[in-house]
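Asks: Please find one structure pasted underneath; my questions will follow.
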Amino acid sequence: MEESQTDYLQIVISFTYKGWKITLDQGELDGQIIYSAWADNEQCSAVAVPYAPSRRVAIQRAKQWIDRRLTSTD
Amino acid sequence: MSYELPPLPYDYSALEPHVSKNTLEFHHDKHHAAYVRKYNDAVQGTDLDSKPIEEVIKAIADDSEQSGLFNNAAQAWNHTFYWHSMKPDAGGQPTGELAKKIEADFGSFEKFVDAFKSAGATQFGSGWAWLVLDGNTLKVTKTPDAVNPLTSGQTPLMTMDVWEHAYYLDYQNQRPSYIDAFLEVVNWDFAAQNLAAA
Ligand SMILES: [Fe+2]
Chain A
52 MEESQTDYLQ IVISFTYKGW KITLDQGELD GQIIYSAWAD NEQCSAVAVP
102 YAPSRRVAIQ RAKQWIDRRL TSTD
Chain B
564 MSYELPPLPY DYSALEPHVS KNTLEFHHDK HHAAYVRKYN DAVQGTDLDS
614 KPIEEVIKAI ADDSEQSGLF NNAAQAWNHT FYWHSMKPDA GGQPTGELAK
664 KIEADFGSFE KFVDAFKSAG ATQFGSGWAW LVLDGNTLKV TKTPDAVNPL
714 TSGQTPLMTM DVWEHAYYLD YQNQRPSYID AFLEVVNWDF AAQNLAAA
């Protein structure tokens, strides 16, 4: 059993989109920097984008995730 | 009371090739850890702070004003339960009482597998598939987002995370491939223990 590494989120940017807070987290995978995006509102905290190769793609996919979510719950 | 992020009950590479080391590192060290931190931050200083996390989950499941806290509490709990629902060199079929009960309640192990795969594949968006004991009957259920069966009086026996972050690195959008992989590492001993304790 390995020790867990609990220093987890490296937040690079955080902003609001359609009532949701999008937070980009940076990580490293096989020597490459990758990004994931959390989407948070009053009710829900979700990993909207698990892995993206750039900030731009992470932000784009996070917005798409929120748009889909808003459509499916309207 | 604060909830501690439990270490994985196996090495990060122990479930390969079915669930990769990379997936477990991100899923446990970032995603699960973040839910635990968010839960602890939110529960601190509230009336619920003295309760174990299972009690918090049950107490606030129907309180729409507490849905943010519920989400983080349930995600913290669900992930811990999920880590134990897998183990290296596992999979296959259950034995003993659990095997008999699956046969009795689903008709056959194959029918259980069909129901479980279907629950995982058809959970729209993010969520979980579960084997639960409901009264005296085994059932397969699926829940959206963070919801877990404790809130409906069922006893969870094992669970599969079907959030995209559980499988995207290994299987991209192929959730059915991940479900097949999960069944290669599903921890029937854990499910049997939960059944025996119910
Ligand atoms: Fe997860």
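Each protein sequence line maps, in turn, to chains A and B. For the first sequence, the working numbering begins at 52 and goes up steadily by one. For the second sequence, the working numbering begins at 564 and goes up steadily by one. Think of the CB as a built atom: it goes at the ideal place given N, C-alpha and C, for glycine as much as any other residue. In this text the structure is predicted, and so the values were computed from the model without any measurement.
1. Give the residues whose C-beta lies closer than 6 Å to at least one heavy atom of ligand 1, in chain order.
2. Any heavy atom of ligand 2 within a distance shorter than 7 Å of the CB on M649 (chain B)?
3. Spatial neighbours of Q83 (chain A) within its chain, please: C-beta separation below 8 Å, excluding the five flanking residues on both sides.
4. Could you say which of B:H594, B:V582 and B:L661 lies nearest to L701 (chain B) if we only look at CA atoms?
5. Which word fits T74 (chain A), buried or exposed, when buried means at least 16 other C-beta atoms lie within 10 angstroms of its C-beta?
6. Decide yes or no for the touch test of the segment 646–656 of chain B against the segment 102–121 of chain A: beta carbon pairs closer than 8 Å, at least 3 of them.
7. Taking C-alpha atoms, which residue in B:G654, B:A761 and B:S689 lies nearest to V582 (chain B)?
8. State the CB to CB distance for the pair S565 (chain B) and N603 (chain B), rounded to an integer number of angstroms; the pair is presumed to be in contact (CB under 8 Å).
9. Just reading off the beta strand (DSSP E) that A103 (chain A) is part of, what are its end residues?
10. Would you say K593 (chain B) lies against chain A (beta-carbon separation less than 8 Å)?
11. Tell me, please, whether the segment 731–739 of chain B touches the segment 690–704 of chain B by the rule of three or more beta-carbon pairs shorter than 8 Å.
12. Quick one: Cα of M52 (chain A) to Cα of Y575 (chain B), how far?
13. Please classify K72 (chain A) as buried or exposed, where buried requires at least 16 other C-beta atoms within 10 Å of its C-beta.
14. From the DSSP output, which residues share a beta bridge with T700 (chain B)?
15. Considering just the uninterrupted stretch of the alpha helix (DSSP H) at E660 (chain B), what are its terminal residues?
16. So that I know if they touch, is there some Cβ in chain A lying closer than 8 Å to that of F644 (chain B)?
17. Counting contacts by CB-CB distance shorter than 8 Å, is S65 (chain A) in contact with chain B?
18. Report yes or no: is there a C-beta of chain B within less than 8 Å of the C-beta of S123 (chain A)?
19. Could you please give me the residues that DSSP links to G690 (chain B) through a beta bridge?
20. Flag W726 (chain B) as yes if its beta-carbon sits less than 8 Å from any beta-carbon of chain A, otherwise no.
21. Would a C-beta distance cut-off of 8 Å place Q94 (chain A) and N634 (chain B) closer than the cut-off?
22. Give the residues of chain B in contact with V98 (chain A), contact being defined as C-beta atoms less than 7 Å apart.
23. Could you give the DSSP three-state label for Q638 (chain B): helix, strand or coil?
24. Which residue wins for smallest C-alpha separation from V542 (chain B), given the options B:A755, B:S681 and B:A760?
25. Taking only beta-carbon atoms, is F589 (chain B) less than 8 Å away from chain A?
26. I want to see whether chain A comes within less than 8 Å of Y731 (chain B), judged by CB atoms only; does it?
27. So for D677 (chain B), helix, strand or coil by DSSP?
Replies: Quick look at the numbers:
1. The set, ordered by position in the chain, is B:H590, B:H594, B:H642, B:D724, B:W726, B:H728 and B:A729.
2. In terms of ligand content, the structure shown lacks ligand 2 and carries ligand 1 instead.
3. In the first sequence, the residue the question calls residue 83 (chain A) occupies position 32. Correct list, in chain order: P104.
4. Numbered from its first residue, the second sequence carries residue 701 (chain B) at position 138. That would be B:L661, whose Cα lies nearest to the Cα of L701 (chain B).
5. On the first sequence, residue 74 (chain A) is found 23 positions in, with the first residue counted as 1. The residue is buried, with at least 16 neighbouring Cβ atoms inside 10 Å.
6. no
7. On the second sequence, position 19 is the one that residue 582 (chain B) refers to. For V582 (chain B), the closest of B:G654, B:A761 and B:S689 by C-alpha to C-alpha distance is B:G654.
8. Against the second sequence, residue 565 (chain B) aligns to sequence position 2. Against the second sequence, residue 603 (chain B) aligns to sequence position 40. The Cβ separation is near 5 Å, so the contact holds.
9. The residue labelled residue 103 (chain A) in the question sits at position 52 within the first sequence. Its beta strand (DSSP E) spans residues S96 to A103.
10. Position 30 of the second sequence holds residue 593 (chain B). Interface residue, yes.
11. no
12. The residue you call residue 52 (chain A) lines up with position 1 of the first sequence. The residue you call residue 575 (chain B) lines up with position 12 of the second sequence. For M52 (chain A), the predicted structure reports a pLDDT of 36, less than 50, and the residue's modelled location is therefore unreliable. A value from the coordinates is still provided. Their backbone Cα atoms lie some 8 Å apart in a straight line.
13. Along the first sequence, read from residue 1 onward, the residue named residue 72 (chain A) stands at position 21. By the 10 Å Cβ count, K72 (chain A) comes out exposed.
14. One-based indexing of the second sequence puts residue 700 (chain B) at position 137. B:D697.
15. Numbered from 1 along the second sequence, position 97 holds the residue referred to as residue 660 (chain B). That run of the alpha helix (DSSP H) goes G659 to F669.
16. By 1-based counting over the second sequence, the position of residue 644 (chain B) is 81. Not an interface residue.
17. Residue mapping note: residue 65 (chain A) aligns to position 14 of the first sequence, counting from 1. No - not a single Cβ of chain B is within 8 Å of the one on S65 (chain A).
18. Locating residue 123 (chain A) in the first sequence gives position 72, counting from the first residue. Yes, its Cβ sits closer than 8 Å to a Cβ of chain B.
19. Start at 1 with the first residue of the second sequence, and residue 690 (chain B) comes out as number 127. According to DSSP, which records beta bridges pairwise, G690 (chain B) is partnered with B:P707.
20. Numbered from 1 along the second sequence, position 163 holds the residue referred to as residue 726 (chain B). By this cut-off, W726 (chain B) is an interface position.
21. The residue labelled residue 94 (chain A) in the question sits at position 43 within the first sequence. The residue labelled residue 634 (chain B) in the question sits at position 71 within the second sequence. The answer is yes: Cβ separation under 8 Å.
22. Residue numbering aside, residue 98 (chain A) sits at position 47 when the first sequence is read from its first letter. Within chain B, the residues near V98 (chain A) are H594, W726 and H728.
23. For the purposes of this step, residue 638 (chain B) is taken as residue 75 along the second sequence, with counting starting at 1. Three-state result, Q638 (chain B): helix.
24. The structure shown does not extend to residue 542 (chain B), since chain B is modelled only from 564 through 761, so no value can be given for it.
25. Here residue 589 (chain B) refers to the residue found at position 26 of the second sequence. Output row for F589 (chain B): interface = yes.
26. For the purposes of this step, residue 731 (chain B) is taken as residue 168 along the second sequence, with counting starting at 1. Answer yes: the Cβ-Cβ gap between Y731 (chain B) and chain A drops below 8 Å somewhere.
27. Position 114 of the second sequence, counted from the start, is the residue given in the question as residue 677 (chain B). In the structure shown, D677 (chain B) sits in a helix (DSSP, three-state: H, G or I).
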